[in-house]
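Peer 1: In my numbering, the protein residues as written are 296 to 978.
Structural data, given as structure tokens:
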């Protein structure tokens, strides 16, 4: 008897789009932020990123960069220019609700729409982490924002002049009537007419908001089938916190909080001997939730059997669409699903699309993973069982498109071992984390990295290193996402994949540990800064346990790949302990085979190259770059140079042609094959 209208939640992707999916059009960078919010007499401001804790300066110089050939189309603006004075003062708050360590009255600070909103930002150190914080104070005269807590990860204060951020939680920043956002006990709904919709105050008087916690919580069950079920716009009431609806002229209080997870599966030894057996999710659709499916087991729970998630659709998920912790199911299959628009409001710091920890007998096949805040799919070793080796993993026939939109050091697909190069490293005996892993016939494309900084990848800073008397150069580069990312691990074969338009490397190996095979066979690699990248070599030589950084290769093979339109090096090879490089550039590396690759000579870069081993005037990319452990380096420009100075590429081919191998002359396939050096190809 009644009409139900679904109001769209305002969200923020990492590219410019039409109105229905954004809170604010611009991402901004912060110039600095060491001075306190209202201390104008503090003297010169320390702009070193490691100093900054709880403030940001939003007064950017974007307008000075717009129009330069190396920084095109950067929109000018900051928070102050976005909101007119007095747009949304909140008279109920004379002080911030939780002053904490920064107990300070803000009566003299002009009340701006940004107070009480959320600032969503990346860290300043390497663009790796994403965080959402409540804005405690904002001074429009100085442009300084103060957030609720000091933001510190791994010993580094993360807010600084390369922090990327936007502000949400305010009606002025929404575009279409009916769009809503919520944060810290308030619901904001935009009224008015536009976008084909009219929402009035009267409409909001009868607004009904459901209350749910976990929609399904399943513990220790056998033979569970959930089929053709759609879950959307679920909500849960936060106990004890009043929540308010606000429009342009205020409104009555409502009660709402965040959408919950759709399904929680838990193996518990206290229930039915902990058994979770034969669970099938077929045709399940989940929209607008914090987490799609969470699967975990108690420490003493037995390994369960047979979980399959197939033919599903998971869209507009704040945190992770799938969270699988610590080996509850073997086998575990995820097949023919769509995971789209995930991780833009992460509860965790990363916003991965899918997170799988301590898994074996895992099949991930035929899925579309698209528009993700951080890693598309991350397979992670658990710290709870450091001796566990993930075994028998198949990643086949998937598309990883547009991951890493809120981060930079990540990938469409990432395997992560257990180790931290910035504080400690594992012993040699603890390095092997993957065994019999095959990544075959996938597409990884348009995994670029966060928007603003991708135009600024020529900037670098040196930072203090954790530890006494050591230092580490950390290069702050944009456009730093990867197609595939192998991090502190080995034991993987990449075969027959197509990797297009990835920001840093098509295949990136953070290969401190090389105690298993790394096979790269028959892949097509088009348009990346580096094609196949073995990192770090010398860059981490001064960190603790430096001797572990140069483990020799066990079985590294790069055979039969096609490289086209690579900006720097088709293959970047970092050093290992037994390498030999003489003064004439003759190179020998144990247990490495490079052969039968095709190198397309359509390799152009109209800008001075941003990477550190090139002089500013040297634009020319090379087929192979070697970075030695002792500071030596060598470039091999073509197949002939590789054949003359290394044991490799006896069957290598130089495709010396003025046209791309794959792009159509009419540009019809530009979105996949012709990412312009100056900007994104048309989507």
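All C-beta atoms in this analysis are idealised placements derived from N, C-alpha and C, irrespective of residue type, glycine included.
Fair warning: this is a prediction, and the values are worked out from it, not measured in the lab.
Span of the beta strand (DSSP E) holding residue 929?
Peer 2: 928-931
Peer 1: Residue 664 and residue 634 - do their beta-carbons sit closer together than 8 Å?
Peer 2: yes
Peer 1: Provide the residue span of the beta strand (DSSP E) that contains residue 861, from first to last.
Peer 2: 857-869
Peer 1: Report the option in 867, 619, 602 and 586 whose CA atom is closest to the CA atom of residue 677.
Peer 2: Nearest C-alpha to residue 677: 619.
Peer 1: Return the chain-ordered list of same chain residues with a C-beta closer than 6 Å to the C-beta of residue 577, the five sequence neighbours on each side being excluded.
Peer 2: 522, 605 and 606
Peer 1: Using a threshold of 8 Å, state whether the C-beta atoms of residue 707 and residue 778 are closer than that.
Peer 2: yes
Peer 1: Under a Cβ-count criterion, where at least 16 other Cβ atoms within 10 Å of its own Cβ denotes burial, should residue 925 be classed as buried or exposed?
Peer 2: exposed
Peer 1: Go ahead and label residue 848 buried or exposed: buried means 16 or more other beta carbons lie within 10 angstroms of its beta carbon, across all protein chains shown.
Peer 2: buried
Peer 1: Please return the same chain residues whose Cβ sits closer than 7 Å to the Cβ of residue 616, not counting the five positions on each side in sequence.
Peer 2: Excluding sequence neighbours, residue 616 sits near 587, 609, 634, 637, 648 and 649.
Peer 1: Inspect the beta-carbon positions of residue 918 and residue 933 and report whether they are closer than 8 Å.
Peer 2: A contact, by the Cβ cut-off of 8 Å.
Peer 1: Indicate the three-state DSSP secondary structure (helix, strand or coil) for residue 637 in the structure shown.
Peer 2: Residue 637: strand per DSSP, three-state reduction.
Peer 1: Can you tell me the Cβ-Cβ gap for residue 818 and residue 776, rounded? I've got them flagged as a contact below 8 Å.
Peer 2: For residue 818 against residue 776, the beta-carbon gap comes to about 17 Å, at or over 8 Å, which does not count as contact.
Peer 1: Looking at the structure shown, is residue 948 part of a helix, part of a strand, or coil, going by DSSP?
Peer 2: strand
Peer 1: Tell me whether residue 892 is buried or exposed, calling it buried when 16 or more other Cβ atoms sit within 10 Å of its Cβ.
Peer 2: buried
Peer 1: Report the three-state DSSP secondary structure of residue 498 (helix, strand or coil).
Peer 2: helix
Peer 1: Using only CA atoms, which one of 705, 626 and 857 lies nearest to residue 820?
Peer 2: 857
Peer 1: Give the straight-line distance between the Cα atoms of residue 651 and residue 585, rounded to the nearest whole angstrom.
Peer 2: Residue 651 and residue 585: Cα-Cα distance of roughly 17 Å.
Peer 1: For residue 890, which residues from the same chain have a beta carbon less than 7 Å from its beta carbon, with the 5 sequence-adjacent residues on both sides left out?
Peer 2: 854, 943, 944, 945, 946 and 947
Peer 1: For residue 739, which of helix, strand or coil comes out of DSSP?
Peer 2: strand
Peer 1: What residue does the alpha helix (DSSP H) around residue 939 start on, and which one ends it?
Peer 2: 934-940
Peer 1: Alpha carbon to alpha carbon, what distance is there between residue 686 and residue 886?
Peer 2: 23 Å
Peer 1: To the nearest angstrom, how far is it from the Cα of residue 356 to the Cα of residue 632?
Peer 2: In this prediction, residue 356 scores a pLDDT of 39, lower than 50, which makes its location untrustworthy; the coordinate-derived value is nonetheless stated afterwards. Between residue 356 and residue 632, the C-alpha separation is close to 43 Å.
Peer 1: Since residue 781 is in the beta strand (DSSP E), which residue starts that stretch and which ends it?
Peer 2: Boundaries of the beta strand (DSSP E) harbouring residue 781: 777-782, taken from the DSSP string.
Peer 1: Residue 690 to residue 949, Cα distance in whole Å?
Peer 2: 31 Å
Peer 1: Note down the Cα distance separating residue 922 from residue 877, rounded to an integer number of angstroms.
Peer 2: 13 Å
Peer 1: Between which residues of its own chain and residue 868 is the CB-CB distance below 6 Å, once the five residues before and five after are set aside?
Peer 2: 829 and 921
Peer 1: On a CA-only basis, which of 783, 793, 796 and 800 is nearest residue 811? Give me that one, please.
Peer 2: 783
Peer 1: Count the other C-beta atoms from every protein chain shown that fall within 10 angstroms of the C-beta of residue 881, then say buried if there are 16 or more, exposed otherwise.
Peer 2: exposed
Peer 1: Using alpha carbons as the reference points, say which of 786, 781 and 739 lies closest to residue 731.
Peer 2: 786
Peer 1: Kindly examine the ligand SAM and report whether one of its heavy atoms sits closer than 7 Å to the Cβ of residue 682.
Peer 2: What this structure holds is no ligand at all, so the ligand SAM is not there to describe.
Peer 1: In this structure, how does DSSP classify residue 700 when only helix, strand and coil are distinguished?
Peer 2: coil
Peer 1: Could you give the residue range of the beta strand (DSSP E) that holds residue 574?
Peer 2: It spans 572-577 - the beta strand (DSSP E) in which residue 574 sits, taken as one unbroken run.
Peer 1: Within a Cβ cutoff of 6 Å, which residues of the same chain sit near residue 667, ignoring the five residues on either side of it in sequence?
Peer 2: 637, 638, 648 and 698
Peer 1: Check whether the Cβ atoms of residue 736 and residue 792 lie closer than 8 Å to each other.
Peer 2: yes
Peer 1: Tell me the rounded alpha-carbon separation between residue 611 and residue 827.
Peer 2: 32 Å
Peer 1: So, for residue 693: in the same chain, excluding its five sequence neighbours on each side, which residues have a beta-carbon less than 6 Å away from its beta-carbon?
Peer 2: 662 and 737
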